[in-house]
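In the working numbering, the protein residues as written are 330 to 971. Below: the structure, in C-alpha cells.
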C-alpha cells in the first residue's frame, strides 16, 4: 500500500499535484505500472507466473486476510490451472485502475466534507457491502479508506469497487461453503441411514449364524456320542482279545521254563568254547607283539646302517674333495714351476696342452697362495675328466665306462673304494694343504664337529647358466671368470649350521649338455633336493626348466624339494626373463624361487640355506611319523594282550 501512496497525488502537496497531472495524461501507463508492481511483488523468483503461495505476499500490501487473497486468486484464475500469467494478473487489476479517471474528481470533492461524515459514510459502505458478516475486524479497511479519502480521493471509488468485488466474491465463496456444508450434512445423514441399515442386516445375519451354529453343534455332539459308543465296543473286543493272548503267553512261558535247563547246559558249553578262543587270541597276540618287536629292531638296525652308510659316503666325499683341492694346488704349483724353467718351457706347454689345460694370463695372488704374479691354469675338476692322468687315471677310466651302463649304487661303491685307496696313498704327504674354501675348520675341529645330517643336492640346468660358478661361490666364496664347462659330473661338500644343527651338503654339479642327460638323470633317484638353474639373460634356458622338472618327477617319483634359481642378476641390462615369470612358474609347480648372482654373491648362501632348512624339516617330519607309527603299534599290542 506504500507503493499506492507514492503513485496517487495528495490534494495538499504541489509535487503530488504535478504527478497527478502526469498520471492523468497517461492513465494506461499508470495502470500497467501498478499491475506490474503487484506482479513483481508476487513473483520474486522471476518464474513468469504467480501461484497461490505467491499471491499471499500481497498480504502486507493489501488489507485482506490470507483466505480473502485465496478467493481473489480463484477469481483471477479464469482457466483454473492454478497459476496466473502476467496477462491474467494485469487484466484482472486493470478494471480496478481504469475506473480511477472517472471517479478521482468526485472522490476528491468528497474529501472536502467534514470528518463527522467519514464515520457515517464508512459504516454505510460496510452495510451496503455486508462486511459485518464477512470481516471480524474492520480497522485495517477503515484506515486504508480514510487514508485514500484524505490523500488520494481519486482512488477511493476504485478501492470501493475493489471492495465490492472482493466482498461479493467472499459472499459467493461463503454461499458455496454453506452449500457444500449442506451437501455434506445430507451425505452424512444418508451415510448414517445406510450404516443403520447395514447394522440391522448384520444383527439379523449374526442371529441366523448363531442359530445355525447351535444346530450344527447339537448334531456334532450327537455324532461324537455315537463315535464314542462305537469305540467303547471296539475297546471291549480288544480287551477280550488281550485276555486270550495273555492266556496263550502264560502257556508259552510255562513251556519256556521247562526248556530253561537245556539252555543252561548249552550256555555252559559256549563259555568253555569262549575260554579256548580267548587263550588262542592271547597266544596269537603274544606272537604278534614278538614279531613287531623284531620288526622294530630290524627297522632300527636298517636306520643305523643307513646313517652309517651316509656318514661313510660323506667321509669319502670329503676325502675326495681334499684330494681334488690338493691336486688343484699341485697343478698350480707345477704350472708355475714349468714357467720358471726356461729350458723345459716348450715341452711342458705341449704336455699341458695334451692334458687339455687352459692357460690364463690373468694374475691372481689369492689362488697361487703367495707365489709370484704369473699366469696360472684355470680349469674344472670333474669325476669323469682330469688333466693329471698319472694321478687320477685309475679312478676316471673305470667310471667313464660304467656311468652310462651301471646304476647309481654300483657307481657309489666304486667311488667309495677309490676314495679309500687315495686316502691311504696320500695320507703320508705332510706338505699337502687343506682344501680351499670348503670349510674353515682344522682337523681337530672336523673331528669334534661331525655333521648330524647329510643331504645330497643335485644341480641341473642348461649349459653355461652358471652352475659351477654358483657352486664355487657357495663353497669357496670366490668367482672364477675363466671357468670351463663341466664334463659329466662334479661335486663339492660344505658343512653348514641350520637351526643349531650341523648339516653336510653334498652338492653335485652336473653337465648341462644334451649328451650327458642320461648320466644326470641317474643321480635324481637318491637326491634329497634338486636345484634347477636358468640364465635370466637367455630365455631358452628358462624355457628348458619345465623339461628339467619333468625329468626330476619321472626319476624321483616322489615329492622332492626343488629350488628354482635365476642366475646372473648382475647383468640386469641384458635380462630377457622377468622376475615375475620365474615367480609364476615357481607357484605353479610349488617350487622355492630365488634370483641370484654367482658373480656378486647375491642370494647365493641364502637360497641354499633355505633349501637345507626345508630338507631338515622334511626329514624331521618323516622321523616323527616313524616314531608315532611305532608307538601306535606298541599300544595296539598291549591292548591285544589285555
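Virtual Cβ for every residue (Gly too), placed ideally from N, Cα, C. Please read these numbers as outputs of a predicted model, since none were measured by experiment.
*asked:* So, for residue 825: in the same chain, excluding its five sequence neighbours on each side, which residues have a beta-carbon less than 7 angstroms away from its beta-carbon?
replied: 832, 834, 938 and 941.
_Whole-angstrom distance between residue 520 and residue 452, CA atom to CA atom_ = In a straight line, the C-alpha of residue 452 is about 45 angstroms away from that of residue 520.
*asked:* List, from N- to C-terminal side, the beta strand (DSSP E) runs of 3 residues or more that fit wholly inside the segment 457-507.
replied: Uninterrupted beta strand (DSSP E) stretches at least 3 residues long and entirely within the segment 457-507 do not occur.
*Going by the CB atoms, is the gap between residue 932 and residue 870 shorter than 8 angstroms?*
It is not a contact, given that the beta carbons lie outside the stated cut-off.
*Report the rounded CA-to-CA distance for residue 811 versus residue 837, giving the unit in angstroms.*
Each residue's alpha carbon lies about 20 angstroms from the other.
*Buried/exposed call for residue 487, threshold 16 Cβ in 10 Å*: Buried, because 16 or more other Cβ atoms sit within 10 Å of the Cβ of residue 487.
*How many whole angstroms separate the CB atoms of residue 421 and residue 398, which I take to be in contact at a CB cut-off of 8 angstroms?*
Contact between residue 421 and residue 398 is ruled out by a C-beta separation of about 13 angstroms, above the 8 angstroms threshold.
_Cβ pair count under 8 angstroms reaching 3, the segment 852-869 against the segment 781-788_ = Verdict: yes, contact present.
_Cβ separation of residue 395 and residue 382, assumed to be a contact under 8 angstroms, to the nearest whole Å_ = Contact flag wrong, Cβ pair sits at about 10 angstroms.
*In terms of alpha-carbon separation, which member of 637, 855, 895 and 851 lies closest to residue 888?*
Comparing Cα positions, the closest option is 855.
_Runs of alpha helix (DSSP H) wholly within the segment 868-892 (minimum 4 residues, chain order)_ = Within the segment 868-892, the complete alpha helix (DSSP H) runs of at least 4 residues are 868-872 and 874-885.
_Proximity below 8 angstroms, CB of residue 478 to CB of residue 447_ = It is a contact, given that the beta carbons lie within the stated cut-off.
_Residues of its chain near residue 893, where Cβ-Cβ distance is below 6 angstroms and the 5 sequence neighbours each way are ignored_ = Excluding positions up to five away in sequence, the list reads 861, 915, 920 and 922.
*In this structure, does DSSP put residue 549 in helix, strand or coil?*
Residue 549: helix per DSSP, three-state reduction.
*Does DSSP put residue 833 in a helix, in a strand, or in coil?*
DSSP places residue 833 in strand when its eight states are reduced to three.
*Coarse secondary structure for residue 919, derived from DSSP in three states*: Taken through DSSP and simplified to helix, strand or coil, residue 919 comes out as coil.
_What does DSSP give as the partner residue(s) for residue 895 in the beta ladder?_
For residue 895, which the question treats as bridged, DSSP gives the partners 863 and 924.
*asked:* Please identify the residue among 473, 613 and 901 whose C-alpha is closest to the C-alpha of residue 866.
replied: When 473, 613 and 901 are compared, the shortest CA-CA separation from residue 866 is found for 901.
*Under a three-way DSSP split, which group does residue 951 fall into?*
Looking at residue 951 - three-state DSSP - the assignment turns out to be helix.
*So is residue 495 buried or exposed if we call it buried at 16+ other beta carbons inside 10 Å?*
That one is buried.
*Give a yes or no on whether the C-beta atoms belonging to residue 881 and residue 853 are separated by under 8 angstroms.*
Their beta carbons are under 8 angstroms apart, which means residue 881 touches residue 853 by this criterion.
*To the nearest angstrom, how far is it from the Cα of residue 927 to the Cα of residue 903?*
If you take the alpha carbons of residue 927 and residue 903, they lie about 16 angstroms apart.
*Could you work out which residue in 924, 917 and 891 is closest to residue 907 when comparing CA atoms only?*
Of the candidates 924, 917 and 891, the one whose C-alpha sits nearest the C-alpha of residue 907 is 924.
*Straight-line CA distance for residue 750 to residue 641?*
Legend: pLDDT at residue 750 = 45, less than 50; position of this residue unreliable, no value from coordinates given.
*Taking C-alpha atoms, which residue in 851, 885, 829 and 898 lies nearest to residue 946?*
With distances taken between Cα atoms, residue 946 lies closest to 829.
*What span of residues does the beta strand (DSSP E) with residue 785 cover, start to end?*
Residues 782-789.
_Cα-Cα separation between residue 629 and residue 948, rounded to whole angstroms_ = A direct Cα-Cα distance of roughly 16 angstroms separates residue 629 from residue 948.
*Helix, strand or coil for residue 731 per DSSP?*
Annotation note: pLDDT 44 at residue 731 (below 50); position unreliable, coordinate value reported separately. Three-state result, residue 731: helix.
*Which residues mark the beginning and the end of the alpha helix (DSSP H) in which residue 801 is found?*
Looking at the DSSP string, the run of the alpha helix (DSSP H) that includes residue 801 is 796-805.
*Could you give the C-beta distance for residue 367 and residue 414, rounded to a whole number, given that I count them as a contact under 8 angstroms?*
Cβ-Cβ separation between residue 367 and residue 414: approximately 14 angstroms, too far for a contact (criterion under 8 angstroms).
*Using DSSP with H/G/I as helix, E/B as strand and the rest coil, what is residue 386?*
Helix at residue 386.
*asked:* DSSP has residue 839 in a bridge; who is on the other side?
replied: Its beta-bridge partners are 818.
*Quick one: is residue 457 buried, meaning 16 or more other Cβ sit within 10 Å of its Cβ, or exposed?*
Label assigned to residue 457: exposed.
_Which of the three DSSP states is assigned to residue 373 in this structure?_
Residue state, collapsed to three classes: coil.
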